[in-house]
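Peer 1: Residue numbers (UniProt numbering): 1 to 577. I'd like to ask you about the structure that follows.
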Amino acid sequence: MAGGHRLAGMGASRGAALGRARVRQPLLPETGRERIAASRVEDEITRLHVAVDSARQEMALLRQRLHGAMPAEVGEFLDLHTLLLDDPELLAALDELIRSQRYSASCALGVQRQRLAALFEQMEDDYLRSRIDDLDHVIGRLLQLLNPQQRPSAGVAGEILICESIAPAELVQLPASGVVGVVTTGGSLLSHSAILARSLHLPLVVGAHQALQKLHSGQLLIIDGDSGQITPDPDAEQLRQYRLRVRELARERRELQRLRSKPSRTLDGCDIRLLLNAESSEDFTQVHRLGAAGLGLYRTEFLFLQGSSLPDEQTQFEHYRNAVLAMAGRPATFRSMDLGADKADRAGLAPTHEENPALGVRGIRLSLANPQVFDTQLRAILRASGYGPVRLLLPMVSGREEVLAVRRRLRLIQRQLRDSGHAVSEQVALGAMIEVPSAALAVHGFIDLIDFLSVGTNDLVQYLLAADRNNPNVSAYYNPLHPALLQLLAQLLDTGAQAQIPVSVCGEIAGDARLTPLLLALGLREFSLHPNTLLEVRQSIRQCDLDKLTAARPALLRARDRRGIERWLRAHTPASH
Ligand code: PEP
Ligand code: MG
Numbered sequence: 001m002a003g004g005h006r007l008a009g010m011g012a013s014r015g016a017a018l019g020r021a022r023v024r025q026p027l028l029p030e031t032g033r034e035r036i037a038a039s040r041v042e043d044e045i046t047r048l049h050v051a052v053d054s055a056r057q058e059m060a061l062l063r064q065r066l067h068g069a070m071p072a073e074v075g076e077f078l079d080l081h082t083l084l085l086d087d088p089e090l091l092a093a094l095d096e097l098i099r100s101q102r103y104s105a106s107c108a109l110g111v112q113r114q115r116l117a118a119l120f121e122q123m124e125d126d127y128l129r130s131r132i133d134d135l136d137h138v139i140g141r142l143l144q145l146l147n148p149q150q151r152p153s154a155g156v157a158g159e160i161l162i163c164e165s166i167a168p169a170e171l172v173q174l175p176a177s178g179v180v181g182v183v184t185t186g187g188s189l190l191s192h193s194a195i196l197a198r199s200l201h202l203p204l205v206v207g208a209h210q211a212l213q214k215l216h217s218g219q220l221l222i223i224d225g226d227s228g229q230i231t232p233d234p235d236a237e238q239l240r241q242y243r244l245r246v247r248e249l250a251r252e253r254r255e256l257q258r259l260r261s262k263p264s265r266t267l268d269g270c271d272i273r274l275l276l277n278a279e280s281s282e283d284f285t286q287v288h289r290l291g292a293a294g295l296g297l298y299r300t301e302f303l304f305l306q307g308s309s310l311p312d313e314q315t316q317f318e319h320y321r322n323a324v325l326a327m328a329g330r331p332a333t334f335r336s337m338d339l340g341a342d343k344a345d346r347a348g349l350a351p352t353h354e355e356n357p358a359l360g361v362r363g364i365r366l367s368l369a370n371p372q373v374f375d376t377q378l379r380a381i382l383r384a385s386g387y388g389p390v391r392l393l394l395p396m397v398s399g400r401e402e403v404l405a406v407r408r409r410l411r412l413i414q415r416q417l418r419d420s421g422h423a424v425s426e427q428v429a430l431g432a433m434i435e436v437p438s439a440a441l442a443v444h445g446f447i448d449l450i451d452f453l454s455v456g457t458n459d460l461v462q463y464l465l466a467a468d469r470n471n472p473n474v475s476a477y478y479n480p481l482h483p484a485l486l487q488l489l490a491q492l493l494d495t496g497a498q499a500q501i502p503v504s505v506c507g508e509i510a511g512d513a514r515l516t517p518l519l520l521a522l523g524l525r526e527f528s529l530h531p532n533t534l535l536e537v538r539q540s541i542r543q544c545d546l547d548k549l550t551a552a553r554p555a556l557l558r559a560r561d562r563r564g565i566e567r568w569l570r571a572h573t574p575a576s577h
């Protein structure tokens, strides 16, 4: 039997899957204005409220279940969706539509969605405008809950979900229901869902523009999350190829597991330091399981995002001390709270009404503007330093002044803590995150004040390229393979080497094994990455020849555009990778 016509998308998460397609056409809320009987109005409102409550509970459960097992950004999406469900205006408007117009709950959602879409369309801010996607994800979930018979669940065991786009909150639940892969017509390689799919090892193909038109539910498919190929109705030969591919992937995975106890050493014998990014205590054991060198980035803001009040000094201290004890002598790097912008805390510390929050009071700016809260955190971190090696990392530093201000506070607090009998280490290393271009360019102006640098490329890319990291409309611009980013990284690494200050990268690119040769060529010797990506990066390191990559650095820095960088990467990626 001949195979069907292949479709192409972009491979966003590695792996191959064979399964039946479940095609989910884009969300089209009911807009036929059918009226319900007056006697059903109150029941319909109750039905809607029950659906909203269930959706809210789902979000809360999901957040609990995933805490620590997901990239920080996914948590933010969950929070945003919960906020939408909590929005009293949205809910009041729906009640009103059901009551005054006698619309069904589904129809009211459709009408309200249209009204809001018109408002979103008029927004000047791209980021806000793109939040319509979140609204759609929330409305979609409500429609599913209201009409379980019409809207089958996202998928069942052995299915490949074909849809327009997928929210991280939905994607994360798919593996548990046995869904073996996902194809989206939209999406990008760096979207939150793509990051998440990679960490869940769920094959994902994005940008398969024709998938919704050409595929139908029940059709047999093979998808390849590396090449982005979709093969409908595979023939005998294609099935044989698939089996080979699956065997190869299983072998690769076994090989990867073997690397847990192996050094992260290049072919020519240079040891590379791999540290972990962590968001909760669940990540601590991974440091030992994977043989990491310690915690390179502990996102402490997670403590501040949970409750409705700020964590006090003792709560924070105990939390930080647990992290230090869990490291058993390896360093624990605490990033001071990085609140603000899209990380809005429930305690109301971060401003919520800034025109341009990513350029507003966030990170170290917010800490310095709230000295009491900041001092509480510094006291807790310093107290934890009595129990093992601690490093303090400052987010969103833009220049010397902020580092000076923190050093002054640190000295004062250290003295106070010792005077009141606390054990505080003499050697708490102070580091700056390099995420703001001004800090990257003027690093020589404050390098004398710090002990280490950590490059936060997630933010550095957005500020350097003027492309919001959360805005899908500019996702094509938000790409680390830009000569400007490479030049800046090279400069930072050179400055660090001259000053004998370690420089690590802790943004997502550090965990992308495809970019490992590039980062090594630029001079990076310390990576801080998500636990799920460590073994792949170690494998890539072990296949690299540092001498050869260093010799190829000038060619990399001469690349004029993304294609040039990709060409360099193809030429310098070890053959077996
Ligand atoms: C970064 O910006 O690269 C980073 C690691 O910080 P976050 O993703 O938490 O903003
Ligand atoms: Mg950042």
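Just so it is clear, CB atoms sit at the ideal spot from N, CA and C, and this is done for glycine as well. Computed from a predicted model, the values in this text were never measured in an experiment.
Indicate, with yes or no, if the ligand MG has a heavy atom lying under 6 Å from the CB of E435.
Peer 2: E435: yes, Cβ under 6 Å from the ligand MG.
Peer 1: Would you identify the three-state DSSP class for P71, choosing helix, strand or coil?
Peer 2: Residue placement at P71 is poorly supported in this model, since its pLDDT is 47, which falls under 50; the coordinates are not used for a value here.
Peer 1: Under the DSSP definition of a beta bridge, which residues are partnered with N277?
Peer 2: Partner(s): L297.
Peer 1: Can you find at least 3 beta carbon pairs, one from the segment 4-18 and one from the segment 242-251, that sit closer than 8 Å?
Peer 2: Output reads yes: the segment 242-251 touches the segment 4-18.
Peer 1: Sort E536, L569, R567, R553 by Cα distance to L249 and report the nearest one.
Peer 2: Among E536, L569, R567, R553, the Cα nearest to that of L249 is on E536.
Peer 1: Could you please give the first and the last residue of the uninterrupted beta strand (DSSP E) stretch that includes T352?
Peer 2: No beta strand (DSSP E) contains T352, which DSSP labels as neither H nor E.
Peer 1: Specify the secondary structure class of T285 as computed by DSSP and reduced to three states.
Peer 2: If DSSP states are grouped into helix, strand and coil, T285 belongs with the helices.
Peer 1: When we look at the beta-carbon of A521 and count the other beta-carbons within 10 Å, is it buried (16 or more) or exposed?
Peer 2: It is buried - the Cβ of A521 has at least 16 other Cβ atoms within 10 Å.
Peer 1: Just the C-alpha distance for H67 and A167, rounded to the nearest angstrom, thanks.
Peer 2: In this prediction, H67 scores a pLDDT of 48, lower than 50, which makes its location untrustworthy; no coordinate-derived value is stated.
Peer 1: Could you tell me the boundaries of the beta strand (DSSP E) in which M396 lies?
Peer 2: That residue, M396, is in no beta strand (DSSP E); it is neither H nor E in DSSP.
Peer 1: Considering Cα atoms alone, identify which of E279, E42, Y463 is closest to S438.
Peer 2: Minimum Cα distance to S438 is reached at Y463.
Peer 1: CA-CA distance, W568 and I195?
Peer 2: Rounded to the nearest angstrom, the two C-alpha atoms are 24 Å apart.
Peer 1: What do you get for H444, buried or exposed, if any count of 16 or more other CB atoms within 10 angstroms of its CB means buried?
Peer 2: Exposed, since its Cβ has fewer than 16 Cβ neighbours within 10 Å.
Peer 1: Taking H572 as the reference, give the member of L519, T533, N370 with the closest Cα.
Peer 2: It is L519.
Peer 1: Assuming L460 and A442 form a contact by the criterion Cβ under 8 Å, report the distance between their Cβ atoms to the nearest whole angstrom.
Peer 2: Rounded, the Cβ-Cβ distance is 14 Å, inconsistent with contact.
Peer 1: I want to check one thing, is the minimum distance from the CB of D512 to the heavy atoms of the ligand SAH below 6 Å?
Peer 2: Absence of the ligand SAH is noted for the structure shown, with the ligand PEP and the ligand MG being the only ligands found.
Peer 1: Within 10 Å of its beta-carbon, does E44 have 16 or more other beta-carbons around it, so buried, or fewer, so exposed?
Peer 2: With 16 or more Cβ atoms within 10 Å of its Cβ, E44 is classed as buried.
Peer 1: With T82 and R99 assumed to form a contact (beta carbons below 8 Å), what rounded beta-carbon distance in angstroms separates them?
Peer 2: About 25 Å separates the two Cβ atoms, so there is no contact after all.
Peer 1: Grouping DSSP H, G and I as helix and E and B as strand, with all else coil, what is M337?
Peer 2: It is coil, neither helix nor strand.
Peer 1: Taking the beta strand (DSSP E) that I162 falls in, what are its first and last residues?
Peer 2: 159-163 is the span of the beta strand (DSSP E), which, as asked, contains I162.
Peer 1: Check whether the segment 379-389 touches the segment 305-321, counting contact only when three or more Cβ pairs, one atom from each stretch, lie closer than 8 Å.
Peer 2: Verdict: yes, contact present.
Peer 1: Report yes if the C-beta distance between I447 and A499 is below 7 Å; otherwise report no.
Peer 2: Yes, the Cβ-Cβ distance between I447 and A499 is below 7 Å.
Peer 1: Measuring only the C-alpha atoms, how far is M70 from A38?
Peer 2: In this predicted model, M70 has a pLDDT of only 48, less than 50, meaning its place in the structure is not dependable; the value taken from the coordinates is given anyway. Computed Cα separation, rounded: 46 Å.
Peer 1: Whole-angstrom Cβ separation of residue 651 and Q25, contact assumed at under 8 Å?
Peer 2: Residue 651 falls outside the range modelled here, since the chain spans only 1 to 577, and no answer is possible.
Peer 1: Would A93 pass as a contact of Q112 if the rule is Cβ separation under 7 Å?
Peer 2: Yes. Within cutoff.
Peer 1: Which term fits L7, buried or exposed, when burial requires 16 or more other beta carbons within 10 angstroms of its beta carbon?
Peer 2: Under this definition L7 is a buried residue.
Peer 1: Which one or two residues does DSSP pair with A103 in a beta bridge?
Peer 2: The residue asked about is misnamed: residue 103 is Tyr in this sequence, not Ala. DSSP output for Y103 lists R35 as bridge partner(s).
Peer 1: Quickly, what does DSSP pair R22 with across the bridge? List them, please.
Peer 2: Looking at the DSSP assignment, R22 forms a beta bridge with L161.
Peer 1: May I ask whether a heavy atom of the ligand PEP can be found less than 6 Å away from the beta carbon of D283?
Peer 2: D283: no, Cβ never under 6 Å from the ligand PEP.
Peer 1: Whose C-alpha, out of R514, Y477, N471, D451, is nearest the C-alpha of T495?
Peer 2: Minimum Cα distance to T495 is reached at D451.
Peer 1: Could you tell me the alpha carbon to alpha carbon distance between G9 and R563, rounded to whole angstroms?
Peer 2: Taking the straight line joining both Cα atoms gives about 18 Å.
Peer 1: Alpha carbon to alpha carbon, how far is E426 from R415? Give it in angstroms, no decimals.
Peer 2: The alpha-carbon atoms of R415 and E426 are separated by roughly 11 Å.
Peer 1: Near S281, what residues of its chain come up, given a Cβ to Cβ distance below 8 Å and the 5 sequence neighbours on each side ignored?
Peer 2: Excluding positions up to five away in sequence, the list reads G68, H319, N322, A323, A326.
Peer 1: From R570 to S199, what distance separates their C-alpha atoms?
Peer 2: One C-alpha to the other measures close to 24 Å.
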